[in-house]
Amino acid sequence: MKRRLSLTIATALLLAGAVVAPSAHADKPVLGDRVGAQAPYTFTTRDVRIPVPDPDLAGTPVTLDARVLIPRGTGPFAGLVINHGYLGNKGGDGELAESAARAGYIVLRYSSRGFGDTKGQVDLVGPKEQRDLKTAVAWLNSPKNVPIWVNHIGQYGGSYGGAHA
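Everything in the sequence shown is counted per my numbering, starting at 54 for the first residue and increasing by one.
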C-alpha cells in the first residue's frame with residue numbers, strides 16, 4: 054500500500070511538471086529522494102478562505118473553502134494542489150495529502166464552487182472554475198501565504214478533479 058501511494062504521488066507530480074532535474078535547483082532533492090523514504094517532515098494544517106474573482110449567479114462573492122498542509126522546516130517547499138472528485142470536497146484524498154506533506158510538499162486542497170462549504174453554483178470545469186483554480190494556485194504560489202518554492206507547483210486530481218489537473 055505504501056509503495057502504491059508513493060508511486061501515485063510520484064506519478065501525479067511528474068505528470069504535473071513539479072519534478073525538476075537536480076541541475077535546475079541543486080540544493081532541492083527531486084521527488085524520488087523524498088517519497089518512499091522515511092520522510093522527515095511533520096506538518097501543520099490550516100483551513101483558509103481564498104476569495105475568487107467571479108461571484109455566484111446572484112452576484113454574491115465566492116470564497117474557496119480550502120485546507121493547506123505545510124511541512125515544518127526551513128523551506129521553501131514545492132507545492133501540490135489536489136482537486137477533489139465530483140461530490141467531493143477539500144477533505145478528500147487525505148492520505149495522499151498527508152503523505153505528500155510528510156515528504157516535504159505544501160499541499161492545497163479546496164472545495165470547488167458548489168461543493169463543501171464553498172458557495173456558488175457548480176460550473177463543471179467551466180470558465181469560472183478554471184479561474185478559481187488559477188486563483189488557488191496563485192494563492193499557493195505566494196510566499197506571503199506559505200513558504201513556497203515559487204513556481205514549483207504540481208497538480209493532481211481524479212475523476213472530476215482530474216479534469217482540472
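Built from N, CA and C at the ideal position, the CB exists for glycine as well.
Nearest to residue i (by Cα), restricted to the options the options
| i | options | result |
| --- | --- | --- |
| Asp109 | Pro93, Ala119, Gln208, Gly173 | Gly173 |
| Ser165 | Ala156, Ile159, Val175, Gly157 | Val175 |
| Pro106 | Gln208, Gly211, Asn142, Ala191 | Ala191 |
| Pro196 | Gln183, Ile123, Gly144 | Ile123 |
| Gly132 | Ala156, Glu182, Phe168 | Ala156 |
| Gly215 | Tyr139, Gly144, Thr188, Lys187 | Tyr139 |
| Asp185 | Thr98, Thr113, Leu117 | Leu117 |
| Val134 | Thr97, Gly126, Thr127, Ala153 | Ala153 |
| Asp100 | Ala111, Ile206, Asp170 | Asp170 |
| Pro104 | Lys187, Glu151, Leu177, Tyr213 | Lys187 |
| Val178 | Ser212, Pro93, Asp146 | Ser212 |
| Glu151 | Thr98, His205, Pro180, Lys181 | Thr98 |
DSSP-derived helix/strand/coil call for residue i
| i | result |
| --- | --- |
| Ser152 | helix |
| Thr116 | strand |
| Tyr209 | strand |
| Gly132 | strand |
| Arg102 | strand |
| Arg125 | coil |
| Leu177 | coil |
| Val160 | strand |
| Thr188 | helix |
| Gly214 | helix |
CB of residue i within 8 Å of CB of residue j, strictly
| i | j | result |
| --- | --- | --- |
| Leu115 | Val199 | According to the sequence as given, residue 115 is Val; it is not Leu. Taking 8 Å as the Cβ cut-off, Val115 and Val199 do not qualify as a contacting pair. |
| Leu161 | Leu193 | yes |
| Asn142 | Gly210 | no |
| Ala119 | Tyr163 | yes |
| Phe96 | Trp202 | no |
| Gly126 | Tyr94 | yes |
Short CB-CB distance (under 8 Å) between residue i and chain B
| i | result |
| --- | --- |
| Pro104 | The structure shown has no chain B; it contains just one protein chain. |
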